[in-house]
Structure formats: C-alpha cells, structure tokens
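Structure first, then comments.
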Amino acid sequence: MPQTLGGGEKCPRCDKTVYFAEERRALGRKYHIACLKCVDCSKSLDSTNSNDHDREIYCNACYRKQFGPQGYGFAAGGAGLSCDAGHGGESAPHTTPSSGPGSLGGGEQCPRCQRAVYMAEKVIGAGRSYHKLCFRCQSCSKGLDSTILCQHEENIYCKACYGRLFGPKGYGYAGGASGLSMDTGKANEICRDNVSHLAQAQVPSRLANGGDTGNNEMCARCGGAVFFAERIAGMGKVYHKACFKCSACSKSLDSTLLTQHEDNIYCKACYGKNFGPRGFGYGTAMVYTE
Numbered sequence: 134m135p136q137t138l139g140g141g142e143k144c145p146r147c148d149k150t151v152y153f154a155e156e157r158r159a160l161g162r163k164y165h166i167a168c169l170k171c172v173d174c175s176k177s178l179d180s181t182n183s184n185d186h187d188r189e190i191y192c193n194a195c196y197r198k199q200f201g202p203q204g205y206g207f208a209a210g211g212a213g214l215s216c217d218a219g220h221g222g223e224s225a226p227h228t229t230p231s232s233g234p235g236s237l238g239g240g241e242q243c244p245r246c247q248r249a250v251y252m253a254e255k256v257i258g259a260g261r262s263y264h265k266l267c268f269r270c271q272s273c274s275k276g277l278d279s280t281i282l283c284q285h286e287e288n289i290y291c292k293a294c295y296g297r298l299f300g301p302k303g304y305g306y307a308g309g310a311s312g313l314s315m316d317t318g319k320a321n322e323i324c325r326d327n328v329s330h331l332a333q334a335q336v337p338s339r340l341a342n343g344g345d346t347g348n349n350e351m352c353a354r355c356g357g358a359v360f361f362a363e364r365i366a367g368m369g370k371v372y373h374k375a376c377f378k379c380s381a382c383s384k385s386l387d388s389t390l391l392t393q394h395e396d397n398i399y400c401k402a403c404y405g406k407n408f409g410p411r412g413f414g415y416g417t418a419m420v421y422t423e
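One rule links them: number in the numbering used here = place in the sequence shown (from 1) + 133.
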C-alpha cells in the first residue's frame with residue numbers, strides 16, 4: 134500500500150491521506166470517518182454492515198437490492214419482494230422458475246389485475262386466487278373475506294353491494310321495512326310498483342273490491358293506501374312513515390311531540406307558535422325600552 138504524507142494510507146473514496154485520528158477500517162482498507170458511507174443511500178457504515186462491489190461500498194440493504202437475488206423467496210418473503218432493477222421505470226424479470234404449463238413465473242393469474250399471484254400475497258376466494266390488494270368489492274372497494282364474499286358473473290362483491298345490485302327487491306327483503314323504498318326520484322311522489330303481491334294482500338278490501346273503500350286504511354296526509362310495512366298511527370289516524378311529519382316545519386314526529394289542530398298534525402314547537410296562548414307571560418318576556 135503506498136505511503137504518503139507522514140506514512141498514512143490514502144482513502145479509497147476521496148483519494149486523500151487518512152490520519153490516525155480520522156481513520157476507520159472496513160473491508161481491509163482505511164477510510165475517513167466521513168467517507169465510510171454507502172455509495173447508494175449515503176448511510177454511515179462500519180465493519181458489520183459494509184459490502185464491497187467493484188471497489189465501491191454499500192450497506193446491506195442497498196447491496197441486496199442492487200446485486201442480490203430477486204424474486205419470490207428472497208428478501209424475507211413477500212414483504213421484501215422486489216422487481217426493482219435499479220433503473221428508473223425498469224422492472225427486472227421474475228427469477229422464480231415456472232411450476233407448470235401456463236403459469237406466470239410459477240404463480241396463478243389474478244382475475245382483477247391479470248398479473249401473477251405469488252404465495253406471499255395470495256388470497257383465495259370464489260375458487261380463484263387474488264392479490265391481497267385486489268381482493269375487494271367491485272362496487273365499494275371494501276376489503277373482503279370469506280364471510281362477506283359474493284360473486285356475480287366474473288366480479289366479486291361484499292354482501293351489502295350484492296344485495297343492493299342483484300338481490301330481490303320489494304317488501305320482505307332488505308331487512309324488512311327499513312329497506313323498503315317508495316322513492317321515485319320525484320318530489321312528493323310515492324311508487325308502490327316494488328311492493329310484492331304478498332304485501333298487498335295484507336291491505337283490506339279496497340284493492341280487492343275494485344275501488345270499494347270499505348275498511349281500507351288510507352293515509353290522512355296524502356290519501357293513499359297504507360301498507361303494513363309503512364304504517365304509523367297517531368291521533369286516531371293512520372299515516373305513511375314519510376307522511377308522518379309536522380305540517381308546518383316538516384319535522385318527523387313521534388308520540389312524544391305529536392299535537393293536532395283540526396285535521397293537521399304539528400310538532401309541539403310549531404303548535405305553540407301558531408295556536409298557543411299569546412301575551413305577557415307566554416313565550417319571550419316583554420321588554421320595555423324608553
């Protein structure tokens with residue numbers, strides 16, 4: 134090793150003399166403390182994590198990433214699986230040997246992204262293999278498992294989206310009346326086309342007797358027939374759930390705040406404001422000013 138300037142060796146990184154006070158040894162050579170860094174990530178090194186390649190030094194992580202084996206089974210399993218070739222935008226080919234005809238690098242093909250699925254990232258559902266990140270509902274992107282998985286044609290869904298998109302509709306489905314919808318998208322219009330014949334059979338004789346009102350229950354607000362699943366009774370009358378609101382402010386009502394004036398129903402606040410007593414001692418106290 135050439136001796137220069139007082140007998141010190143030259144640093145392989147900066148080619149300057151290394152004196153004893155700033156010396157650090159690694160890989161059989163002497164470096165300045167400030168020069169003993171990974172050439173790729175500039176991490177400070179010591180004798181325990183130094184690696185040499187073509188006279189350059191690397192930390193353990195960068196050395197494995199740049200020059201170590203790549204593909205499934207290296208870098209501690211799928212968590213460290215890398216196809217990085219060390220060049221921007223370029224991916225190294227998988228080095229895992231093919232396990233059979235038609236396989237992609239030894240893995241099955243994910244139905245969602247059409248890429249190879251390796252064991253470390255494999256999830257099985259509906260008889261097919263998916264990446265963990267691809268195993269999501271086609272509609273809402275919710276993560277799936279075996280307890281909530283539903284399939285329609287080639288796509289997978291959670292139970293909620295499957296029922297909403299492809300399940301039966303009408304009274305008796307969607308968890309009872311909570312899922313019954315009469316909304317047509319138009320203001321103040323109620324449609325009953327999605328009410329099954331089983332639900333209509335529970336309505337008294339008006340529908341069965343060709344228009345005879347008989348004992349049929351009619352909504353006191355809109356005048357339409359009230360089916361059992363949407364029935365609410367108040368003040369001796371029957372209403373649809375959507376119609377059981379204050380006539381003044383349209384607030385939804387219940388038995389604790391229901392009041393009546395003539396043929397209309399009100400919340401307690403609107404009833405007091407419109408029909409309650411007025412004058413000093415009621416409502417806001419009278420204030421005198423000069």
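Beta carbons are placed, not taken as given, at the ideal position from N, Cα and C, and that holds for glycine.
So the alpha helix (DSSP H) Leu298 belongs to, where does it begin and stop?
Lys292 to Phe299
Extent of the continuous alpha helix (DSSP H) to which Lys370 belongs
No alpha helix (DSSP H) holds Lys370; the beta strand (DSSP E) holding it covers Lys370 to His373.
What residues in its chain sit with their C-beta under 8 Å from that of Asn407, if we drop five residues either side in the sequence?
Closer than 8 Å at Cβ, skipping near neighbours: Ala381, His394 and Tyr399.
Going along the chain, which residues of its own chain have a beta-carbon closer than 7 Å to the beta-carbon of Ile166, five neighbours each way excluded?
Glu155 and Arg157
In chain order, what residues of the same chain have a beta carbon less than 7 Å from the beta carbon of Asn285, not counting five sequence neighbours either side?
Asn is not the amino acid found at residue 285; the sequence shown has His there. Tyr295 and Phe299, listed in sequence order.
Between the beta-carbon of Arg146 and the beta-carbon of Cys171, is there less than 8 Å?
no
DSSP three-state assignment for Ala381, whether helix, strand or coil
In the structure shown, Ala381 falls within a coil segment according to DSSP collapsed to helix, strand and coil.
In chain order, what residues of the same chain have a beta carbon less than 6 Å from the beta carbon of Cys243, not counting five sequence neighbours either side?
Val250, Tyr263, His264 and Cys267
Could you tell me which residues DSSP pairs with Leu391 in its beta bridges?
Cys400
Since I believe Met368 is in contact with Val359 (beta carbons under 8 Å), could you give me their beta-carbon distance rounded to a whole number of angstroms?
The pair is not a contact, with the Cβ atoms about 15 Å apart (cut-off 8 Å).
Take Ala353 as the anchor and find which of Lys292, Cys283, His373 and Arg197 has the nearest alpha-carbon.
Ala353 has its Cα closest to that of His373, out of Lys292, Cys283, His373 and Arg197.
Assign Cys403 to one of two classes, buried (16 or more other C-beta atoms within 10 Å of its C-beta) or exposed (fewer than that).
buried
Less than 6 Å between C-beta atoms, sequence neighbours within five positions excluded: which residues of the same chain meet that for Asn184?
Take Asn184, set aside five residues on each side of it, and the residues of its chain with a beta-carbon closer than 6 Å to its own are Tyr191 and Tyr196, in chain order.
Taking 6 Å as the limit between beta carbons, can you name the residues of its chain near Leu160, skipping five residues before and five after?
Ser183 and Asp185
Could you check what DSSP says for Arg197 in three-state terms: helix, strand or coil?
helix
Which of helix, strand or coil does DSSP assign to Lys176?
coil
By the three-class DSSP mapping on this structure, what secondary structure does Gly405 have?
helix
Below 8 Å on the Cβ atoms is my guess for Ile289 versus Cys270; work out the distance and round it to an integer in Å.
7 Å
First and last residue of the beta strand (DSSP E) that includes Lys255?
The continuous beta strand (DSSP E) containing Lys255 extends over residues Lys255 to Gly258.
Alpha carbon to alpha carbon, how far is Lys143 from Thr150?
Counting only the Cα atoms, Thr150 lies some 4 Å from Lys143.
Can you have a look at Gly221 and say buried or exposed, based on whether 16 or more other CB atoms are within 10 angstroms of its CB?
Note that Gly221 scores a pLDDT of 47, beneath 50, so its modelled location is shaky; the value from the coordinates is reported in the next line. Under this definition Gly221 is an exposed residue.
Determine the direct distance from the alpha carbon of Phe361 to that of Asn397, and round the result to whole angstroms.
22 Å
Buried or exposed (CB count within 10 angstroms, at least 16 for buried), Ala366
exposed
Let me know the secondary structure DSSP gives Ala159 once reduced to three states.
DSSP places Ala159 in strand when its eight states are reduced to three.
Out of Lys275, Cys291 and Gly276, which one is the CA nearest neighbour of Leu282?
Considering only Lys275, Cys291 and Gly276, the residue with the shortest C-alpha distance to Leu282 is Cys291.
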